[in-house]
Amino acid sequence: MTSGKKTSRSGLGSKQKRGSSGTATQYLTRNAALKRLQVSLPEFRRLCILKGIHPREPRNKAALKGSSKTYYLVKDIAFLLVEPLLETFRARRAYDKKVKKARAKRAFELAQRLQRRKPGYALDHLVRERYPTFDDALRDLDDPLSMLALFATLPAEKRLGIDPKVCAKARRLDVEFGAYVARTNSLRKVFVAVKGIYLQADIQGQQVTWIIPHRLPQLLPDDVDYRVMLTFLDFYITLVSFINFKLYHKHGWRYPPVMDSALDESAAGVEALLTDLVPSVSEPAAPPPAIDGETQMAEDESEACARVFQGMTFHFGRECHRELLTLIVQAFGGRVVVGELESLASDVRSSITHCVVDRPGAKETLSHATYVQPQWLFDSANFRVAAPTEKYAPGAKLPPHVSPFAVADEGADEGGYVPEYAEYLQRLAEAAGAAEKASAGSQAPASVAATEAEAEDLEEVRRGTVTAAKNYSKEIGEEGTADEPARKRKQPARASSKKAAAAKATDEDDDDDDDDDVEEPTVAAADGMVEVDVDGVKYKLSEDDARARMLMPRKSRRLFDAMQRGIAVKQNKAKQLRERKSQTAGAGAKASKRR
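Below is the structure:
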């Protein structure tokens, strides 16, 4: 009779205890990790957030203790054992106990003295550890900027642990990054949504997208764990401080910059720092690196952005989001006048070209200035052209605010849906670009020839897969024909067996291809096109392309079908949107006739 733990046999009859190898030794439950690290659950969560360690999902949960538990890798827990912050957290916990004991004895002076002597900690080594290069830090900048922008608008609440100093630090870092974006003309896209304002900037070739909340009274719900958010914010403050310092130092600017207190009180935001962004004398800027193709394209894009509001001076009403609008205007080459119109000097008032107001009953006190709504700035910035101001007059019905992210995704390939107003703005931008090239002395025939050459290159790339498949099939056929006599001379006795095996393999391959493909292109349309049905998605090909597809290897054919299926799905979606638009327009016309 046997009893005890289960055993398994491994190797030549040797017994091995269950749980001593495999998946069971690679993972730890959360409670086991807490016992091994000798920390509390809040400290463990804080440590994992700062180090970037997450729970893992084991592949074989049957070999573990339970399927409903949280597991961590043993290597990650061993990585936490050598973290210097672990000892710091233990020392801080000991000081918390001393402070609590002193307050219980009503020794408040001792409690304050102990609180001041409480050991602090720095997270600089974690930034260098998690982001070995600066580009790695820029790729992960989306969430930090969004978190900083959120806490910059939140009210300080002692009950929830939100310190006013933390909110002020978050706002300052947010404004510093915005000042860099405005000064270098790095802003690319702006979109106002219900959730917030989405911004995208090009920072040294990396696309950084973050969201800014609307300037509305913020409610702090009680069911949110703000300790977790503050832990993330603690690390993000250190990360963004490093990034801002690196960006400012690259251009030779002083860091931290000095903020103009008068402009900061008037909610100018970025404008309060731009006056200090000048190259420092003690630390000259680094020499510019060699310019390659991508760098030249980025510089051309920055120059195009800097010309959108060039020569324009803006004044914002008190109801507008001044910090956001100042960032947009400065990033696209315009100037901003801060202050109330009545308090400005006459020469400053005469220099204002555009007044941005966001209420229908605004009085136009400046007769020489153009009054527009804030959406005019967003649409003009997204399409790199000054949109017609008549559509954005105060109190007028605004045109649809088109998302530049959706236009970039849908309009990148043929067949994508682009809204009508977006096409209108794109045509304006193309006309403005052509006029600028003509004024600069560019030759029209050369540009037309370049455009035709680009179109020919695109057509050649589109048919590249088909041509490669034809060449591949032709080469396979030629190699088989050329090598067959040599094989027969060298191995006459085994030729028949090899031929039979090759025929059998070909039949099996054909059977597999028939199983993989849902339907081969057999239906010919009236226009000479062949309809292909793959996984319920239909698309059309020319007869030559359909034959070439049948000759493709299985892997290439699957890739080709996936590409065509994606294009077909996008085209079907665009078709549905156009039909919905026509139906809506027809219903609106009928309603207007009835009235």
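Under UniProt numbering, think of the first position of the sequence shown as 1, with each following residue one higher.
Using N, Cα and C, we set each Cβ at its ideal position, and we do this for glycine too.
Hey, out of the options, whose CA is closest to residue i's CA?
{"i": "Cys-305", "options": "His-315, Arg-318, Phe-332 and Thr-295", "result": "Phe-332"}
{"i": "Glu-129", "options": "Pro-388, Ser-380, Phe-235 and Leu-551", "result": "Phe-235"}
{"i": "Phe-378", "options": "Ile-352, Gln-200, Leu-219 and Lys-118", "result": "Gln-200"}
{"i": "Arg-46", "options": "Leu-85, Leu-73 and Ser-68", "result": "Leu-85"}
{"i": "residue 596", "options": "Arg-171, Pro-419 and Cys-355", "result": "Nothing in the structure corresponds to residue 596, since the chain is present only between 1 and 595."}
{"i": "Lys-97", "options": "Val-82, Thr-88 and Leu-114", "result": "Leu-114"}
{"i": "Ala-122", "options": "Gln-583, Thr-365, Leu-50 and Glu-423", "result": "Leu-50"}
{"i": "Ala-406", "options": "Thr-29, Asp-358, Ile-212 and Tyr-417", "result": "Tyr-417"}
{"i": "Arg-139", "options": "Leu-150, Leu-126 and Val-208", "result": "Val-208"}
{"i": "His-125", "options": "Ala-111, Glu-83 and Arg-92", "result": "Glu-83"}
{"i": "Gln-206", "options": "Val-181, Pro-217 and Thr-238", "result": "Val-181"}
{"i": "Ala-170", "options": "Glu-390, Arg-92, Met-229 and Val-127", "result": "Met-229"}
{"i": "residue 625", "options": "Pro-360, Ala-369, Leu-428 and Glu-340", "result": "With the chain covering only 1 through 595, there is no way to say anything about residue 625."}
{"i": "Ala-429", "options": "Pro-394, Pro-419, Leu-398 and Val-385", "result": "Val-385"}
{"i": "Tyr-72", "options": "Arg-92, Ala-94, Ala-91 and Cys-48", "result": "Cys-48"}
{"i": "Ala-432", "options": "Tyr-392, Gly-395, Pro-388 and Pro-394", "result": "Pro-388"}
{"i": "Gln-204", "options": "Ile-212, Leu-219, Phe-191 and Asn-185", "result": "Asn-185"}
{"i": "Pro-360", "options": "Val-337, Arg-349 and Ala-396", "result": "Ala-396"}
{"i": "Ser-346", "options": "Arg-335, Leu-366 and Ile-328", "result": "Leu-366"}
{"i": "Glu-423", "options": "Glu-436, Pro-399, Pro-213 and Ala-440", "result": "Pro-399"}
{"i": "Tyr-95", "options": "Pro-221, Ala-438 and Ala-111", "result": "Ala-111"}
Is residue i near residue j, with beta carbons less than 8 Å apart?
{"i": "Phe-383", "j": "Lys-246", "result": "no"}
{"i": "Tyr-27", "j": "Arg-56", "result": "yes"}
{"i": "Val-372", "j": "Thr-326", "result": "no"}
{"i": "His-401", "j": "Gln-426", "result": "no"}
{"i": "Phe-242", "j": "Ala-137", "result": "yes"}
{"i": "residue 655", "j": "Gly-317", "result": "What is shown of the chain runs 1 to 595, which leaves residue 655 out entirely."}
{"i": "Ile-77", "j": "Ala-33", "result": "yes"}
{"i": "Val-530", "j": "Asp-561", "result": "no"}
{"i": "Phe-79", "j": "Glu-43", "result": "no"}
{"i": "Tyr-226", "j": "Leu-160", "result": "yes"}
{"i": "Val-537", "j": "Arg-578", "result": "no"}
{"i": "Val-336", "j": "Leu-344", "result": "no"}
Using DSSP with H/G/I as helix, E/B as strand and the rest coil, what is residue i?
{"i": "Ser-582", "result": "helix"}
{"i": "Leu-173", "result": "helix"}
{"i": "Glu-57", "result": "coil"}
{"i": "Gln-375", "result": "helix"}
{"i": "Met-259", "result": "coil"}
{"i": "Tyr-121", "result": "coil"}
{"i": "Lys-538", "result": "strand"}
{"i": "residue 607", "result": "Because the chain in this structure spans residues 1 to 595, residue 607 falls outside the shown range and cannot be described."}
{"i": "Thr-295", "result": "helix"}
{"i": "Glu-364", "result": "coil"}
{"i": "Val-385", "result": "coil"}
{"i": "Ser-533", "result": "It should be pointed out that residue 533 corresponds to Asp in this sequence rather than to Ser. In the structure shown, Asp-533 sits in a strand (DSSP, three-state: E or B)."}
{"i": "Gln-218", "result": "coil"}
{"i": "Thr-23", "result": "helix"}
{"i": "Val-82", "result": "coil"}
{"i": "Lys-105", "result": "coil"}
{"i": "Ala-587", "result": "helix"}
Name the DSSP bridge partner or partners of residue i?
{"i": "His-354", "result": "Phe-314 and Thr-370"}
{"i": "Glu-157", "result": "Ile-162"}
{"i": "Asp-143", "result": "Asp-143 is not bridged to any residue."}
{"i": "Tyr-72", "result": "Leu-28"}
{"i": "Phe-191", "result": "Tyr-198"}
{"i": "Thr-209", "result": "Gln-200"}
{"i": "Val-337", "result": "His-315"}
Please classify residue i as buried or exposed, where buried requires at least 16 other C-beta atoms within 10 Å of its C-beta.
{"i": "Lys-189", "result": "buried"}
{"i": "Ser-146", "result": "buried"}
{"i": "Gln-38", "result": "exposed"}
{"i": "Ser-380", "result": "buried"}
{"i": "His-321", "result": "buried"}
{"i": "Leu-233", "result": "buried"}
{"i": "Gln-330", "result": "buried"}
{"i": "Ser-582", "result": "exposed"}
{"i": "Leu-239", "result": "buried"}
{"i": "Val-224", "result": "exposed"}
{"i": "Ala-91", "result": "exposed"}
{"i": "Gln-576", "result": "exposed"}
{"i": "Glu-176", "result": "buried"}
{"i": "Leu-173", "result": "buried"}
{"i": "Ser-40", "result": "exposed"}
{"i": "Val-532", "result": "buried"}
{"i": "Val-308", "result": "buried"}
{"i": "Met-552", "result": "buried"}
Determine whether the Cβ of residue i lies closer than 8 Å to any Cβ atom of chain B.
{"i": "Leu-327", "result": "The displayed structure is made up of one protein chain only, and chain B is not part of it."}
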